[in-house]
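Number of protein chains: 2
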Amino acid sequence: MPRTSDKRDRLVEAAKNLIHRQGFHRTTLADIADESEVPLGNVYYYFKTKEDICEAVLEERRLKLQETFDGCCKSNQPKQNLIELVNKIIKSSEKIAEHGCIIGSLCQELDKTKSPLRDTADKCIQEHIDWASKQFRKMGYKKTSELGFEFIARLEGIMLVGHALHEPKRIKSQLRATCKWIESL
Amino acid sequence: MPRTSDKRDRLVEAAKNLIHRQGFHRTTLADIADESEVPLGNVYYYFKTKEDICEAVLEERRLKLQETFDGCCKSNQPKQNLIELVNKIIKSSEKIAEHGCIIGSLCQELDKTKSPLRDTADKCIQEHIDWASKQFRKMGYKKTSELGFEFIARLEGIMLVGHALHEPKRIKSQLRATCKWIESL
DNA sequence: GTCTATATGTTGATAGAC
DNA sequence: GTCTATCAACATATAGAC
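Chain order of the listed sequences is D and U. As numbered in the numbering used here, residues 61 to 245 make up the first sequence, in order. As numbered in the numbering used here, residues 61 to 245 make up the second sequence, in order.
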């Protein structure tokens, strides 16, 4: 059961996309095997259970998220960092309108589970808030965790409702309004 | 296949609760039959498919939502109406922290589906926005649909993140902040 | 109208040949 | 290490006795 390998990578990549499009429960191992072009029986050589695949997906999501945060921290201007993050989301508006927030939609699905996956997913949200709170702290604010929560909740809400209404344009305009809110702080 | 009956009511009531707690896909007909104390084979006398049960659940949710809106429209003070709605949500903070938003979490699950149920669920969100937009219009605002979207997105975001973090207190404080925002308009 | 028994299909997971 | 064949469990749905 190797940690890295071409097939393993392909399996995780396929699972990542399928879970985003269909959700975790609606995605079958057959789907993942099919999309990654790995024979179904072979999947179990790389992952003992379906949940293990989801955990690998979440792990990648967390890493990618961390990279995104780092990419939005180059300047020492916290306000600019927050705006840069929102701008990155704006660029994905179409995909979000179609499939929802990569993290948020998975969280909501896993939250209805007793699986330990739930905690891993929720950790992504918490790290997201922590990063935002840190920016607010740099801006000299108190009650930074409240502000961090407000910021992330605002983003998640826009993505959820924008997804439900299938309106990428509305997602964009609302995210731009969020930028203005940040600027006004 | 009667429209009303004691057993049918019990089935819908059970499905309503189970779907909120477990999600639609994780809830089996056996679960619903068990909780409503209706024999499994008998379920099909009342509903032809599992999706039909979900549709009945959504129908009830919409009716209940409409009642809530009407209950928040007694006064002719739109600002007060919006605040009253938020206060009603505040009262459910514990349940929301545990299982998420009744409408939002179901929407996000069904949105990943090609089922016609998706549209029914999304209609709930749209009606929610429409009601809010109407209040903003009464307040003399232009761009009311943008404001209505912002209001609902804010509520949904708070519920989603509050659910992920299992923090009823944070849900309450954020909803109170939302009230202050409304008051400041 | 009500319910038991069961068909039918799908899914996660395994055994074992190569 | 890889893959085919298949199992066991579970889910939706139906047939048919009462």
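Glycine is no exception: its CB is placed at the ideal position from the N, C-alpha and C atoms.
With 16 as the cutoff for other CB atoms within 10 Å, does S65 (chain U) come out buried or exposed? By the neighbour-count rule (16 or more Cβ atoms within 10 Å), S65 (chain U) is not buried but exposed.
Return the CA-CA distance between R121 (chain U) and G217 (chain U), expressed in angstroms with no decimal places. When rounded, the distance between both Cα atoms is 20 Å.
Give the single residue among U:A237, U:T238 and U:Q82 whose Cα lies nearest to the Cα of H159 (chain U). Relative to the Cα of H159 (chain U), the nearest Cα in the group U:A237, U:T238 and U:Q82 belongs to U:Q82.
K139 (chain D) beta carbon less than 9 Å from that of S96 (chain D): Going by C-beta atoms, S96 (chain D) is not nearer than 9 Å to K139 (chain D).
L118 (chain D) and T180 (chain D) - do their beta-carbons sit closer together than 9 Å? Cβ distance < 9 Å, so T180 (chain D) and L118 (chain D) count as in contact.
Beta-carbon contacts of F107 (chain D) that lie in its chain and below 6 Å, excluding the five residues immediately before and after: Closer than 6 Å at Cβ, skipping near neighbours: I113.
Roughly how many angstroms separate the alpha carbons of T88 (chain D) and F211 (chain D), rounded to a whole number? So the alpha carbons of these two residues sit roughly 34 Å apart.
Residue range of the alpha helix (DSSP H) that Y104 (chain U) falls in? For Y104 (chain U), the enclosing alpha helix (DSSP H) begins and ends at V103 to Y106.
With a cut-off of 9 Å, does the C-beta of R197 (chain D) fall near any C-beta of chain U? Residue-level contact check: R197 (chain D) does not touch chain U, since none of the beta carbons of chain U fall below 9 Å from its beta carbon.
Name, please, each residue of chain U whose Cβ falls closer than 7 Å to the Cβ of V221 (chain D). Ordered by position in chain U, the residues that pass the 7 Å Cβ test against V221 (chain D) are I185, F209, I212, A213 and E216.
Look at the Cβ atom of C161 (chain D), then the Cβ atom of A224 (chain U), and state whether they are nearer than 9 Å. Their beta carbons are not under 9 Å apart, which means C161 (chain D) does not touch A224 (chain U) by this criterion.
Other residues of its chain near L78 (chain U): CB distance less than 8 Å, five sequence neighbours each side excluded: Excluding its 5 nearest sequence neighbours in each direction, L78 (chain U) has C-beta neighbours in its own chain below 8 Å: T87, D91, I92 and E95, listed in chain order.
Chain U residues whose Cβ lies nearer than 8 Å to that of Q82 (chain D): Per Cβ cutoff of 8 Å: K172.
With a cut-off of 8 Å on the beta carbons, I'd call L170 (chain U) and F84 (chain U) a contact; round off their distance for me. The pair is a contact, with the Cβ atoms about 7 Å apart (cut-off 8 Å).
Please report the straight-line C-alpha distance between L215 (chain U) and P99 (chain U), rounded to a whole angstrom. Approximately 39 Å between the Cα atoms of the pair.
What number of angstroms, rounded off, separates the C-alpha of K229 (chain U) from the C-alpha of A74 (chain D)? One Cα belongs to K229 (chain U), the other to A74 (chain D), and the distance between them is close to 38 Å.
Taking the alpha carbon of S22 (chain D) as the point to measure from, which residue in D:E154, D:H188 and D:K198 has its own alpha carbon closest? Limits of chain D in this structure are 61 at one end and 245 at the other, which puts residue 22 (chain D) out of reach.
Would you please state the rounded distance, in angstroms, between the beta carbons of C184 (chain D) and I163 (chain D)? I believe it to be under 8 Å. Yes, they are in contact, since the Cβ atoms of C184 (chain D) and I163 (chain D) sit about 5 Å apart, within 8 Å.
Output needed for I149 (chain D): all residues of its chain with C-beta closer than 7 Å, excluding positions within five of it in sequence on either side, in chain order. Listed in chain order, the non-local C-beta contacts of I149 (chain D) below 7 Å within the same chain comprise L215 and L235, local neighbours out to five positions each way being set aside.
From D:W241, D:G222, D:R70 and D:H188, residue whose alpha carbon lies closest to that of C132 (chain D): Nearest of D:W241, D:G222, D:R70 and D:H188 to C132 (chain D), Cα basis: D:H188.
Straight-line CA distance for N102 (chain D) to K76 (chain D)? About 18 Å.
S165 (chain U) versus L142 (chain U) - alpha carbon distance: Roughly 22 Å between the two C-alpha positions.
Between S165 (chain U) and chain D, is there a C-beta pair that is closer than 9 Å? Nearest CB-CB separation between S165 (chain U) and chain D: below the 9 Å threshold.
Start-to-end residues for the alpha helix (DSSP H) that takes in D130 (chain D): K110 to G131 is the extent of the alpha helix (DSSP H) around D130 (chain D).
Residues of the region 113-127 of chain D with Cβ closer than 8 Å to any Cβ of chain U, in chain order: Within the region 113-127 of chain D, contact with chain U at the beta-carbon level (separation under 8 Å) is assigned to no residue.
Can you check whether the CB of A213 (chain U) is closer than 9 Å to the CB of G222 (chain D)? Yes, the pair counts as a contact, with Cβ atoms nearer than the cut-off.
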